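This report concerns only the one structure given below.
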Amino acid sequence: MLKARGHHVTVFDISRPHPDVDTWIQTDLGDPASIATAIDTAIGPFDALINNAGIPPRVQNAEAILRVNFFGLKRICEGLLPKLADGAAIVNTASLAGAKWRDHLADIKDLMALDPAEIGGFISDRNIDATRAYNLSKETVIAWSMAQTEILIARNMRCNSVSPAAVSTGILQDFAVAFGDRMAKNVARAGRPGLPEEIAQIILFLASPESSWIKGQDIIVDGGMSAMALTDALGIQS
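In structure tokens:
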């Protein structure tokens, strides 16, 4: 979509993107050395940074989830800040799975303060499985994105997050396994999972000047799933 609108697109990804973009910088978000090399290689200034990479919950991959979904995102975002133009927009992909971030602030603060070398002990001490690691990674992305707001104002920059629910991609089945009946019920009520293009449209809006006064917000894109769950909980009927 960015290419179709005439933008020059640089992609940081572990695999070559298809279709081709202007520049591909091979990057493994689970590897700090790879991230450092990618940052050094990148040629800015960039008008927007979209942090969309992440891995789903699978058996025994809790540590990888936290390394990639939060620490990798944070490391590349902070490293690229000097290469972002004044007025640039940052958009981080979170998830509806992170919607209860307010209930888990202690864990979020502890994770944000954690030395990444200590992730294994953090997971073991708190008995965190892959599904909880995924939820926590996205809760932390939401909170961390919000916390960047005042820091970025001096450069007229902004940071927002987008929280999709189930989206029809190659990893949808991973979420079906991890979240089970709860996800199946939500998708059934919404009528279908979301489409990647529907999420991309919101991300592009948040990356564009048209959203210049939206700062520090988490935008839920879920086909009405959270609204239906909330009205159930509140006893509100149509």
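Position one of the sequence shown corresponds to residue 33 (our numbering), numbered consecutively onward.
Even for Gly, the Cβ is constructed at its ideal location relative to N, Cα and C.
What you are looking at is a predicted structure, and each value in this text was computed from that prediction instead of being measured.
- Beta-bridge pairing by DSSP links residue 196 to 253.
- Counting along the chain, residue 100 sits inside no alpha helix (DSSP H), nor does DSSP assign it H or E at all.
- The shortest C-alpha to C-alpha distance from residue 90 to any of 164, 199 and 74 is the one to 164.
- Residue 119 sits in a strand when the DSSP states are folded into three classes.
- Within the DSSP secondary-structure output, residue 83 pairs in a beta bridge with 124.
- Residues 155, 160, 161, 162 and 165 of the same chain have their beta carbon placed closer than 7 Å to that of residue 94, with the five preceding and five following residues left out of the count.
- Residue pairing from DSSP places residue 45 in a beta bridge opposite 58.
- Take residue 116, set aside five residues on each side of it, and the residues of its chain with a beta-carbon closer than 7 Å to its own are 76, 77, 78, 81 and 189, in chain order.
- Rounded to the nearest whole angstrom, the C-alpha separation of residue 99 and residue 253 is 25 Å.
- In the structure shown, the three-state DSSP call for residue 37 is coil.
- Cβ-Cβ separation between residue 45 and residue 74: approximately 13 Å, too far for a contact (criterion under 8 Å).
- According to the DSSP secondary-structure assignment, residue 191 is paired through a beta bridge with 122.
- Inter-segment contact for the segment 173-185 and the segment 206-220 is absent: fewer than three beta-carbon pairs are separated by less than 8 Å.
- Cβ-Cβ distances below 7 Å link residue 62 to 96, 99, 100 and 104 in the same chain, with the five nearest sequence neighbours on each side left out; the list follows chain order.
- When the five nearest sequence neighbours on each side are left out, the beta carbons in the same chain lying within less than 7 Å of the beta carbon of residue 204 are those of 198 and 225, in order along the chain.
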